[in-house]
């Protein structure tokens, strides 16, 4: 099996890279904080001291980074990939970033004869560890075909949104907005119930086995019903960035999104209260604690 | 089998009463607009000219009405039930009404030796016709036991929220608020996708088979993706009333509910535009048409 480059070994990236090793891929890995490569190296990955070292001409490099700026640095920085992927190389970009960044990177790789596939994922670190991510992708058809087996080693399902490299990012942003909206909705409903003598758990049990019997309401709903927000999946700081990308996209395309705005404000409030590193689902506490 | 009284033969009530007839119950039916009793009479129900005639001492009367005022008139009006249910009678109150009205009616029936059970339902008219409603109930234990077989003839599942006659109403209001929030969220997300070159249907297909694979997202989501809002299930006017009850309950119990507020405002806007009799899911059009 071929050797793949993997950059970004946070909660999500480390779990995804581990599944690639399990599937038999060889990996060259890089992470800005070098200690995080150690568990992967223990499982057989090769550590790279600089981002550009993970790439080989015509190969595949996966990036799973925090935000657009980190990805820009990994590609265009002095030690970045730059044109190392060369002819027929594929940059498989799995971070949650803006559609504009995806389109710009796609253009960059095209100029060097390579390809860019956007493939952001849905699922928390436990889903990543179980190779149960839902992956949405977009980009040139041939490159998407080539990365399919790689993606299947990390996910339980792929959804193709066409050739526009920004499309998959928009779907990912829309999905995160839907999850944030569900968290706010449950926080309001469960708190209304509780303040009127009905247990949060009883309401959660009813709605999550009937009208809303689906993963988001079951999993986030359990956290909101029981008011336990650990272990941390995605932080408030991380997802507020996503909500900013949602709003920026909405402003540009003239879509009024008052609910996305509300979710963004909730996350801003959490960060302002010093809870930026806590799970973003704590935005539910803004309702519980009676703040509007 | 015993004869049950049934008052209120709108879209929901007519379907529910039909299932009781199918289950072998005899029915005495009343509706303010008398023509609506005809299909039920054709199936064997006995028509009553006045509400009080559907009750017999110690019997069960079901009410399925539009709002608190209609129910008050049916119970306390000159031709109303008043004390006709007498000793051990059960008023099975299935309308979506305020918890305060339920508590007040429970007290009224208790004073005459009778019982009051709140049992509002989740499901649109097609679910009512298929006896697939989800029913939430609260009230005195013995009366709940007695009405169980009656409820099972109309629903696919019962959820008991204890003795407080207002509890089931609060759960129903919280549930409708969650549905309204999901409609708003999907409207924003699908419109964001569409205005950025992704089909509403493609996004709907992805989210409703993965993260949000549950009835509310599948069924309302289909309407919002395809932008078809017929046949009418529940009208904007009807559900705005529910959102008012949500907000009044929230104000009284000091729960800030900005998302419930947003849904209420959306429905108010629909009614102001002359769409009060259209399906309430048309609130999604407020986003599509670019109004904030």
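Residue numbers (the working numbering), protein chains in the order written: chain G, 1 to 292; chain P, 293 to 584. Cβ coordinates follow ideal geometry from the N, Cα and C atoms, glycine included. Computed from a predicted structure; not experimentally measured.
Any C-beta of chain G under 8 angstroms from that of residue 584/P
Translated into positions along the second chain, residue 584/P becomes position 292. Confidence at residue 584/P is low in this model, with a pLDDT of 42, below 50, so its placement is unreliable and no value can be given for it.
Residue range of the unbroken beta strand (DSSP E) whose run includes residue 295/G
Examination of residue 295/G is not possible in this model, given that chain G is present from 1 through 292 alone.
Compare the C-beta of residue 344/P with all C-beta atoms of chain G and state if any pair is closer than 8 angstroms.
Position 52 of the second chain, counting from 1, holds the residue named residue 344/P. No, residue 344/P does not count as interfacial toward chain G.
Does the segment 129-141 of chain G come within contact of the segment 156-174 of chain G, defined as at least 3 CB pairs closer than 8 angstroms?
Short answer: they touch.
Where residue 48/G falls: helix, strand or coil (DSSP)
Counted from its first residue, the first chain places residue 48/G at position 48. Residue 48/G carries a coil assignment under DSSP once its states are collapsed to helix, strand and coil.
I believe residue 500/P touches residue 489/P by the beta-carbon criterion, under 8 angstroms. Please report the beta-carbon distance rounded to the nearest angstrom.
Taking the second chain and counting its residues from 1, the one referred to as residue 500/P is at position 208. Taking the second chain and counting its residues from 1, the one referred to as residue 489/P is at position 197. Not confirmed; about 20 angstroms, so no contact.
Considering residue 251/G, what are the terminal residues of the alpha helix (DSSP H) in which it resides?
Counting from one through the first chain, the residue named residue 251/G turns up at place 251. Counting along the chain, the alpha helix (DSSP H) containing residue 251/G begins and ends at 236-252.
By a C-beta neighbour count over all protein chains shown, 10 Å radius and 16 as the cutoff for buried, is residue 310/P buried or exposed?
Sequence index remark: in the second chain, residue 310/P carries index 18 (1-based). Counting every other CB atom within 10 Å of its CB across the protein chains shown gives residue 310/P a total of 16 or more, marking it as buried.
Contact check, residue 250/G vs residue 484/P under 8 angstroms by CB: the rounded distance?
Against the first chain, residue 250/G aligns to sequence position 250. Against the second chain, residue 484/P aligns to sequence position 192. About 6 angstroms separates the CB atoms of residue 250/G and residue 484/P; that is less than 8 angstroms, so the two are in contact.
Based on Cα-Cα distance, which residue from 346/P, 528/P, 492/P, 364/P lies nearest to residue 392/P?
Translated into positions along the second chain, residue 392/P becomes position 100. Of 346/P, 528/P, 492/P, 364/P, the residue nearest in Cα terms is 364/P.
In chain order, what residues of the same chain have a beta carbon less than 7 angstroms from the beta carbon of residue 47/G, not counting five sequence neighbours either side?
Walking along the first chain from the start, residue 47/G turns up at place 47. Within the same chain, Cβ atoms closer than 7 angstroms to the Cβ of residue 47/G are found at 29, 37, 41, the five residues on either side in sequence being excluded.
What are the residues of the segment 449-469 of chain P that lie near chain G, defined by any Cβ-Cβ distance shorter than 7 angstroms?
Result list: 449, 451, 453, 456, 459, 462, 463, 466, 467, 469.
Among residues of its own chain, excluding the 5 on either side of residue 276/G, which ones have a beta-carbon nearer than 6 angstroms to its beta-carbon?
In the first chain, counting from the first residue as 1, residue 276/G sits at position 276. Here residue 276/G has 236, 237 as same chain residues with Cβ atoms under 6 angstroms from its own Cβ, once five neighbours each way along the sequence are excluded.
Interface residues of the segment 200-211 of chain G facing chain P [CB-CB below 7 angstroms]
Listed by position along the chain: 202, 203, 206, 207, 210, 211.
Residue from 33/G, 186/G, 67/G, 262/G whose Cα sits closest to the Cα of residue 102/G:
Along the first chain, one-based indexing puts residue 102/G at 102. Closest by alpha carbon: 67/G.
What are the complete alpha helix (DSSP H) segments, minimum 4 residues, inside the segment 18-63 of chain G?
Those alpha helix (DSSP H) runs which fall completely within the segment 18-63 of chain G and span 4+ residues are 38-42.
Could you have a look at residue 294/P and say whether DSSP puts it in helix, strand or coil?
Position 2 of the second chain, counted from the start, is the residue given in the question as residue 294/P. Collapsing the DSSP output to three states places residue 294/P in coil.
Just to confirm, are residue 171/G and residue 495/P a CB contact at a threshold of 8 angstroms?
Reading the first chain from its first residue, position 171 is the one you call residue 171/G. Reading the second chain from its first residue, position 203 is the one you call residue 495/P. Taking 8 angstroms as the Cβ cut-off, residue 171/G and residue 495/P qualify as a contacting pair.
Excluding sequence positions up to five away, which residues of its chain have a Cβ less than 6 angstroms from the Cβ of residue 180/G?
If you number the first chain from 1, residue 180/G lands on position 180. Within its own chain, the residues whose Cβ lies closer than 6 angstroms to the Cβ of residue 180/G, once the five positions on either side in sequence are excluded, are 263, listed in chain order.
Here's the rule: buried if 16 or more other CB atoms are within 10 angstroms of the residue's CB, otherwise exposed. What is residue 34/G?
Here residue 34/G refers to the residue found at position 34 when the first chain is read from its first residue. Residue 34/G comes out exposed.
Minimum Cβ-Cβ distance from residue 368/P to chain G less than 8 angstroms:
Locating residue 368/P in the second chain gives position 76, where the first residue counts as 1. No, its Cβ sits nowhere closer than 8 angstroms to a Cβ of chain G.
Answer yes or no: does any C-beta atom of chain P fall closer than 8 angstroms to that of residue 122/G?
Walking along the first chain from the start, residue 122/G turns up at place 122. So yes, residue 122/G belongs to the interface.
Quick one: which chain P residues come within Cβ less than 8 angstroms of residue 133/G?
The count along the first chain starts at 1 and reaches residue 133/G at position 133. For residue 133/G, no chain P residue has a C-beta closer than 8 angstroms to its own C-beta; the minimum C-beta separation is roughly 10 angstroms.
Give the secondary structure of residue 425/P by DSSP, where H, G and I count as helix, E and B as strand, and everything else as coil.
Position 133 of the second chain holds residue 425/P. Three-state DSSP puts residue 425/P in a strand.
Which two residues bound the contiguous alpha helix (DSSP H) that contains residue 449/P?
Taking the first residue of the second chain as position 1, residue 449/P is located at position 157. Careful: residue 449/P lies outside any alpha helix (DSSP H), inside the beta strand (DSSP E) at 447-452.
Looking at the secondary structure, which residues open and close the alpha helix (DSSP H) in which residue 150/G lies?
Within the first chain, residue 150/G is the residue found at index 150, counting from 1. Where residue 150/G is concerned, the enclosing alpha helix (DSSP H) stretches over 141-152.
Determine the extent of the beta strand (DSSP E) in which residue 75/G is found, giving its start and end residues.
Along the first chain, one-based indexing puts residue 75/G at 75. Run containing residue 75/G: none in the beta strand (DSSP E); it sits in the alpha helix (DSSP H), 68-76.
Under 8 angstroms, with one C-beta from each stretch per pair, do the segment 253-262 of chain G and the segment 211-220 of chain G reach the 3-pair mark?
A contact between stretches requires three or more CB pairs, one per stretch, nearer than 8 angstroms, and the segment 253-262 of chain G fails this requirement with the segment 211-220 of chain G.
Interface flag, residue 232/G vs chain P, CB-CB below 8 angstroms:
In the first chain, the residue the question calls residue 232/G occupies position 232. At a cut-off of 8 angstroms between C-beta atoms, residue 232/G does not count as an interface residue with respect to chain P.
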